[in-house]
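>
Numbering (the working numbering), first residue to last: 2 to 140.
What follows is the structure in structure tokens.
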């Protein structure tokens with residue numbers, strides 16, 4: 002399953018994402034991973050959340066990003082939720098290709114029982130209609 006936090010760059014999506022992950026960790030039965038483009042928010046996250054700085058892995062394409070996600074999933078059989086901040090940047094994609102990547106994340110989520118909570122710098126108008134119901138916050 003995927004959940005989306007949408008809005009233009011600089012509107013506060015990361016704060017909402019951080020608040021959500023920190024509140025969810027209290028009720029989580031499995032582990033939670035937070036993927037970001039830097040370690041800037043390390044001290045804002047609960048210490049039970051695993052922060053991964055995706056930029057340190059030099060990914061070159063969205064296909065490599067998907068492979069990277071499979072690697073994270075394969076190392077953590079209790080993985081329950083993944084939070085993806087700055088989605089377009091860390092996934093090496095753009096607004097036009099984001100829909101196909103969301104389809105793949107939906108498929109991965111269903112296959113492995115993982116919820117993806119995604120912060121993406123686009124407006125509701127640029128989200129595929131099939132994902133508009135999964136928007137949990139709009140800025």
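Where is the CB? At the ideal position from N, CA and C, for every residue including glycine.
Roughly how many whole angstroms lie between the Cα atoms of residue 62 and residue 28?
34 angstroms
> Tell me which residues share the same chain as residue 58 and place their Cβ nearer than 8 angstroms to its Cβ, disregarding the 5 neighbours each side in the sequence.
69.
> Which value, in whole angstroms, describes the spacing of the CA atoms of residue 115 and residue 16?
22 angstroms
> Between residue 81 and the rest of its own chain, which residues show a CB-CB distance below 8 angstroms, the 5 nearest in sequence each way excluded?
29, 30, 31, 32, 33, 114, 115 and 116
> With H, G and I counted as helix, E and B as strand and the rest as coil, what does DSSP make of residue 61?
coil
> Helix or strand or just coil, what does DSSP make of residue 50?
coil
> Given that a residue counts as buried once 16 or more other Cβ atoms are within 10 Å of its Cβ, and exposed if not, what is residue 8?
Buried: at least 16 other Cβ atoms inside 10 Å.
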